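Peer 1:
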Amino acid sequence: MPSSAAQADPIPANSIPTDRRLALHRTMQTIRATETTLSRLFADGEIPGFIHLSVGQEAVAAGVVGALGPRDSFATTHRGHGHVLARGVKLDLFFKEIMGRAGGICGGRGGSMHVADLSLGVLGANGIVGAGLPLATGSALAHQTRRTGGVAVAFFGDGAMAEGALHECLNMAALWKLPMVFVCENNGWSEFSPTSTQFAATLDKLGAAFGVPHRRVDGNDVAAVAEAATEVVEAARGGGPRILECLTTRWHGHFEGDPQRYRNADEIAGLPQNDPLRRSAEALLAAGVEESALAALVDSVDAEIREALEAARADALPDVDAAFRDVYTPTATLTAGA
Amino acid sequence: MPKPLRYVNAVAQALNDAMAADPAVMLMGEDVAAAGGPFKATRGLLDAHGPERVRDTPISEASLVGAAVGAALTGMKPVVEIMFMDFVTLAMDAVVNQAAKARFMFGGQCSVPMVLRTPHGGGLNAGPQHSQCLEAWFAHIPGLRVVCPATVADAYSLLRAAIEAPDPVVVVENKALYALQGDIDVNAPREVGKARLDRAGRDATIVTYGATLYAARAAADRLAAEGIEAEIVDLRWIQPWDEEAVFASVAKTHRVVIAHEAVQAFGVGAEIAARIASDAFDDLDAPVLRVGAPFMPIAFAKTLEAAYLPDADRIVAAVKSTLA
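Residue numbers (my numbering), protein chains in the order written: chain E, 204 to 541; chain R, 11 to 334.
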């Protein structure tokens with residue numbers, strides 16, 4: 204299994220209070236249930252285009268985004284549903300966007316690969332592997348220059364480790380001591396190929412080359428991710444860039460409909476053994492949370508998703524004239540300044 | 011009476027005044043700070059505005075332009091310099107997939123108020139990778155704006171307009187013009203998409219932009235000596251281009267030559283010629299002709315470069331051909 208090539212640093216993940224763990228669990232449940240629904244909708248032909256699901260990776264989204272403050276920003280990837288849902292983008296606006304409706308958060312112009320909510324500091328999902336890295340670098344530069352106190356996070360997958368953008372951005376962020384965290388969701392797969400066949404280095408060594416501190420965590424342990432993320436985000440806030448590498452697992456294919464013939468059947472069969480939701484639920488039960496409370500949480504998330512989905516189905520299709528108005532910023536006159 | 015400035019100093023003055031007027035404006039690029047830029051277009055700005063707002067970047071074109079997009083989405087108005095237009099090839103994702111599309115694909119949630127300044131053009135024997143005119147690439151991308159100032163006054167005013175515009179603007183300067191002298195008017199209207207009537211005439215229209223303006227002027231002088239009055243429209247903006255001004259001139263002269271330094275095939279002139287053909291056909295008394303570079307990379311040797319660049323001879327011949 205590719206992601207087992209690297210071992211996570213041990214973290215005593217026991218300092219997070221139960222109510223916080225419950226909130227993280229709810230976020231993960233929302234992502235899981237949303238994406239499971241999307242998978243079904245895609246199979247039924249209700250979603251056009253491509254979708255790339257993050258089932259199995261929910262702990263990274265919940266743990267990292269949960270560590271961010273309101274001033275912080277992030278750029279995400281083509282596998283970015285979890286990140287924007289964890290940030291609190293409204294569920295109905297999310298579903299409308301993925302389903303190509305007028306009321307979508309991006310008016311149905313972006314779809315799954317371009318969900319953004321600038322009001323929440325979400326600089327967008329990105330259809331180009333590694334392209335969010337420079338965006339987050341620039342966002343961190345703006346935080347530093349404007350003294351907002353914010354941190355910018357660049358989410359990227361291990362496939363992006365081979366992109367020059369990562370190397371260039373690590374260099375710039377280190378040179379300028381930017382308030383920035385590079386978060387790698389390392390699921391072992393670069394689209395359809397094992398990353399071990401794509402990338403000759405390791406992320407810790409790449410970080411070391413630029414003097415950027417690196418931490419590696421079990422990315423399927425939400426408490427471990429949350430603790431590590433809180434630490435690196437606060438360290439980056441005043442002290443320059445950090446790398447957080449989260450070892451995780453991609454349950455589905457590169458995109459929905461990908462039969463994953465390149466993948467070993469045993470690896471796929473073994474994925475639920477390392478289910479971040481199951482592990483989180485077990486930790487909550489051990490901490491004294493009632494099983495009925497967890498069941499109620501699942502029901503409540505499902506009800507929210509049903510409501511959002513119905514709203515999306517009822518929504519109008521986008522209007523071409525409205526789209527035209529956003530190619531450029533509408534201005535009364537194009538005369539700038541005086 | 012203001013002292014004449016060189017074109018390159020007008021650029022620096024525009025950057026300085028824009029930074030003084032708006033604290034969100036910042037400069038980024040390779041050697042733009044202490045070194046003052048390869049052509050000295052940013053000389054003195056580090057001292058005036060400090061290292062946070064005048065920032066030297068590593069030689070990482072792709073990521074520094076992408077970073078400008080991210081900074082623009084987070085409250086800054088970055089002005090990025092790409093040392094030679096040929097090098098924007100390295101930054102095409104940032105310009106074409108990120109800057110140009112963010113507003114549209116995010117449903118109008120944001121704008122990307124950034125400027126990419128870059129010099130194009132020959133005349134310095136800089137060779138095939140330091141001389142290309144690639145402006146048509148950017149004019150072809152919905153979401154981008156493209157401007158190409160030909161005069162010292164426009165080097166100032168159009169750059170100020172570009173910085174004040176809410177969307178990404180590619181500002182193309184011809185490096186052969188950097189030493190040109192002229193006056194600026196800091197209070198001139200800063201307009202997007204307006205052409206300038208450079209010379210009035212009744213017999214034919216020469217539509218041009220950038221350094222080719224000077225070849226067009228030389229051509230018009232020679233034609234005038236033969237009694238042919240050519241009108242010159244300096245487009246200034248390539249995206250959006252001033253259809254109204256061009257069509258008005260066509261309606262007056264009924265003959266058109268479009269001249270630019272970029273390769274003629276699939277170029278800016280092709281678009282304008284097609285629009286005139288479809289929307290102003292009744293005003294034409296002759297086919298619309300184009301004068302541009304041949305379909306080959308620009309070469310280093312003086313003789314090869316001279317043969318490549320559109321000159322007054324070819325513009326004169328084209329105008330006469332429309333009158334034949």
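Every residue, glycine too, gets a C-beta built ideally from N, C-alpha and C. Every value quoted in this text rests on a predicted model; they were computed, and no experiment measured them.
Distance cutoff 7 Å, beta carbons only. Does residue 86 (chain R) sit that close to anything in chain E?
Peer 2: To locate residue 86 (chain R), count along the second sequence from 1; it is residue 76. It does: the Cβ of residue 86 (chain R) has a partner Cβ on chain E nearer than 7 Å.
Peer 1: Which of the residues in the stretch 358 to 376 of chain E, read from start to end, lie with their CB under 8 Å from any CB of chain R?
Peer 2: 367, 368, 371, 372, 374 and 375
Peer 1: Output the distance between the C-alpha atoms of residue 249 (chain E) and residue 506 (chain E), rounded to the nearest integer angstrom.
Peer 2: Reading the first sequence from its first residue, position 46 is the one you call residue 249 (chain E). Reading the first sequence from its first residue, position 303 is the one you call residue 506 (chain E). Taking the straight line joining both Cα atoms gives about 20 Å.
Peer 1: Taking the alpha-carbon positions, what's the residue 437 (chain E) to residue 382 (chain E) distance?
Peer 2: Taking the first sequence and counting its residues from 1, one reaches residue 437 (chain E) at position 234. Taking the first sequence and counting its residues from 1, one reaches residue 382 (chain E) at position 179. The alpha-carbon atoms of residue 437 (chain E) and residue 382 (chain E) are separated by roughly 9 Å.
Peer 1: May I ask you to list the residues that DSSP assigns as paired with residue 418 (chain E)?
Peer 2: Counting from 1 along the first sequence, the entry for residue 418 (chain E) is found at position 215. Paired residue(s): E:447.
Peer 1: Strictly under 7 Å for the Cβ-Cβ distance: is residue 540 (chain E) near chain R by that measure?
Peer 2: Taking the first sequence and counting its residues from 1, one reaches residue 540 (chain E) at position 337. The pLDDT assigned to residue 540 (chain E) is 42, lower than 50, so where the model puts this residue is not dependable; a value taken from the coordinates is nonetheless given after this. Residue 540 (chain E) counts as touching chain R.
Peer 1: According to the neighbour-count rule (16 or more other Cβ atoms, all chains shown, within 10 Å of its Cβ), is residue 140 (chain R) buried or exposed?
Peer 2: Stepping through the second sequence from its first residue, residue 140 (chain R) is reached at position 130. Buried, by the Cβ-count rule.
Peer 1: Between the Cα of residue 292 (chain R) and the Cα atoms of R:280, R:112, R:277 and R:265, which residue gives the shortest distance?
Peer 2: Indexing the second sequence from 1 puts residue 292 (chain R) at position 282. Considering only alpha carbons, the answer is R:265.
Peer 1: Check the DSSP bridge columns for residue 347 (chain E) and list the partner residues they point to.
Peer 2: Here residue 347 (chain E) refers to the residue found at position 144 when the first sequence is read from its first residue. Note: residue 347 (chain E) sits in no beta bridge, so no partner.
Peer 1: Name the DSSP beta bridge partners of residue 268 (chain R), please?
Peer 2: Here residue 268 (chain R) refers to the residue found at position 258 of the second sequence. According to DSSP, residue 268 (chain R) bridges with R:217 and R:300.
Peer 1: Under 8 Å, CB to CB, which of the residues in the stretch 115 to 143 of chain R have a partner in chain E?
Peer 2: 115, 116, 117, 118, 119, 120 and 121
Peer 1: Would you mind giving the Cβ-Cβ distance between residue 90 (chain R) and residue 106 (chain R), rounded to the nearest angstrom? I have them listed as a contact below 8 Å.
Peer 2: What you label residue 90 (chain R) is simply residue 80 of the second sequence in a count that begins at 1. What you label residue 106 (chain R) is simply residue 96 of the second sequence in a count that begins at 1. At roughly 14 Å, the Cβ-Cβ gap does not stay under 8 Å, so residue 90 (chain R) and residue 106 (chain R) are not in contact.
Peer 1: For residue 154 (chain R) and residue 422 (chain E), what's the separation of their Cα atoms in angstroms?
Peer 2: In the second sequence, the residue the question calls residue 154 (chain R) occupies position 144. In the first sequence, the residue the question calls residue 422 (chain E) occupies position 219. Taking the straight line from one Cα to the other gives about 40 Å.
Peer 1: Given 8 Å as the limit, is there contact between the stretch 154 to 163 of chain R and the stretch 494 to 511 of chain E, that is, 3 or more CB pairs closer than that?
Peer 2: Here the stretch 154 to 163 of chain R makes no contact with the stretch 494 to 511 of chain E; the two share fewer than three CB pairs at distances below 8 Å.
Peer 1: I'd like the list of long-range same chain contacts for residue 20 (chain R), defined as Cβ closer than 7 Å, with 5 residues on each side in sequence excluded.
Peer 2: Translated into positions along the second sequence, residue 20 (chain R) becomes position 10. Within the same chain, residue 20 (chain R) has close Cβ partners 162, 165, 166 and 194.
Peer 1: Provide the residue span of the beta strand (DSSP E) that contains residue 492 (chain E), from first to last.
Peer 2: Taking the first sequence and counting its residues from 1, the one referred to as residue 492 (chain E) is at position 289. Counting along the chain, residue 492 (chain E) falls outside any beta strand (DSSP E), and DSSP gives it neither H nor E.
Peer 1: So with Cβ pairs under 7 Å, would you call residue 529 (chain E) a contact of chain R?
Peer 2: Along the first sequence, read from residue 1 onward, the residue named residue 529 (chain E) stands at position 326. So yes, residue 529 (chain E) belongs to the interface.
Peer 1: State yes or no: is the beta carbon of residue 164 (chain R) nearer than 7 Å to at least one beta carbon in chain E?
Peer 2: Here residue 164 (chain R) is taken as the residue at index 154 of the second sequence, counted from 1. So no, residue 164 (chain R) is outside the interface.
Peer 1: Report the rounded CA-to-CA distance for residue 335 (chain R) versus residue 246 (chain R), giving the unit in angstroms.
Peer 2: With chain R covering 11 to 334 only, the question about residue 335 (chain R) has no answer from this structure.
Peer 1: What is the DSSP secondary structure of residue 189 (chain R), counted as helix, strand or coil?
Peer 2: In the second sequence, residue 189 (chain R) corresponds to position 179, counting from 1. Coil.
Peer 1: Does the beta carbon of residue 205 (chain E) sit closer than 7 Å to a beta carbon anywhere in chain R?
Peer 2: In the first sequence, residue 205 (chain E) corresponds to position 2, counting from 1. Confidence is the limiting factor: at residue 205 (chain E) the pLDDT is only 44, short of 50, which leaves the residue's position unreliable, though a coordinate-based value still follows. Closer than 7 Å: no.
Peer 1: Does residue 79 (chain R) get closer than 7 Å to chain E when you measure Cβ to Cβ?
Peer 2: Taking the first residue of the second sequence as 1, we reach residue 79 (chain R) at position 69. Chain E, which has a Cβ nearer than 7 Å to the Cβ of residue 79 (chain R), makes this yes.
Peer 1: Quick check on DSSP: helix, strand or coil for residue 84 (chain R)?
Peer 2: Indexing the second sequence from 1 puts residue 84 (chain R) at position 74. Reduced to three states, the DSSP call for residue 84 (chain R) is coil.
Peer 1: Looking only at its own chain, which residues have a Cβ that is under 6 Å from the Cβ of residue 410 (chain E), when we skip the five neighbours before and after it?
Peer 2: By one-based count along the first sequence, residue 410 (chain E) stands at place 207. The residues are 417 and 446.
Peer 1: Using Cβ-Cβ distances below 9 Å, what residues of the stretch 263 to 285 of chain E are close to chain R?
Peer 2: Here the close residues are 276 and 278.
Peer 1: Once the 5 residues before and after residue 274 (chain E) are set aside, which same chain residues still bring their CB inside 6 Å of it?
Peer 2: Stepping through the first sequence from its first residue, residue 274 (chain E) is reached at position 71. Same-chain partners within the cutoff: 351, 352 and 353.
Peer 1: Which residue's Cα is closest to the Cα of residue 160 (chain R): R:197, R:237 and R:205?
Peer 2: As a working note, residue 160 (chain R) is residue 150 in the second sequence. Selected option, being the one with the closest Cα: R:205.
Peer 1: Mapping DSSP to helix, strand and coil, what is residue 92 (chain R)?
Peer 2: Along the second sequence, one-based indexing puts residue 92 (chain R) at 82. Coil.
Peer 1: Below 9 Å between beta carbons is the criterion; list the residues of the stretch 35 to 54 of chain R that meet it against any residue of chain E, in chain order.
Peer 2: Listed by position along the chain: 36 and 38.
Peer 1: Could you please give the first and the last residue of the uninterrupted alpha helix (DSSP H) stretch that includes residue 245 (chain E)?
Peer 2: Sequence index remark: in the first sequence, residue 245 (chain E) carries index 42 (1-based). Per DSSP, residue 245 (chain E) belongs to the alpha helix (DSSP H) from 221 to 246.
Peer 1: Identify each residue in the stretch 300 to 322 of chain R for which the Cβ-Cβ distance to at least one residue of chain E is less than 9 Å, and report them in chain order.
Peer 2: For the stretch 300 to 322 of chain R, which is checked against every Cβ of chain E, not one residue is closer than 9 Å.
Peer 1: Give me the chain B residues within the contact set of residue 342 (chain E), using Cβ-Cβ distance strictly less than 8 Å, ordered along the chain.
Peer 2: In the structure shown, chain B cannot be found, because the protein chains are E and R.
Peer 1: Do you know whose CA, among E:360, E:349 and E:312, lies nearest residue 335 (chain E)'s CA?
Peer 2: The residue given as residue 335 (chain E) occupies position 132 in the first sequence. Of the candidates E:360, E:349 and E:312, the one whose C-alpha sits nearest the C-alpha of residue 335 (chain E) is E:360.
Peer 1: Run through DSSP, which three-state label would residue 130 (chain R) get?
Peer 2: Start at 1 with the first residue of the second sequence, and residue 130 (chain R) comes out as number 120. Strand at residue 130 (chain R).
Peer 1: Identify every run of the alpha helix (DSSP H) within the stretch 362 to 428 of chain E, keeping only runs that are complete inside it and at least 4 residues long; order them along the chain.
Peer 2: 367 to 379 and 406 to 412
Peer 1: Assuming residue 218 (chain R) and residue 146 (chain R) are in contact, meaning their beta carbons sit under 8 Å apart, how far apart are those beta carbons, in whole angstroms?
Peer 2: On the second sequence, residue 218 (chain R) is found 208 positions in, with the first residue counted as 1. On the second sequence, residue 146 (chain R) is found 136 positions in, with the first residue counted as 1. In fact, because the Cβ distance is near 14 Å, the residues do not count as touching under 8 Å.
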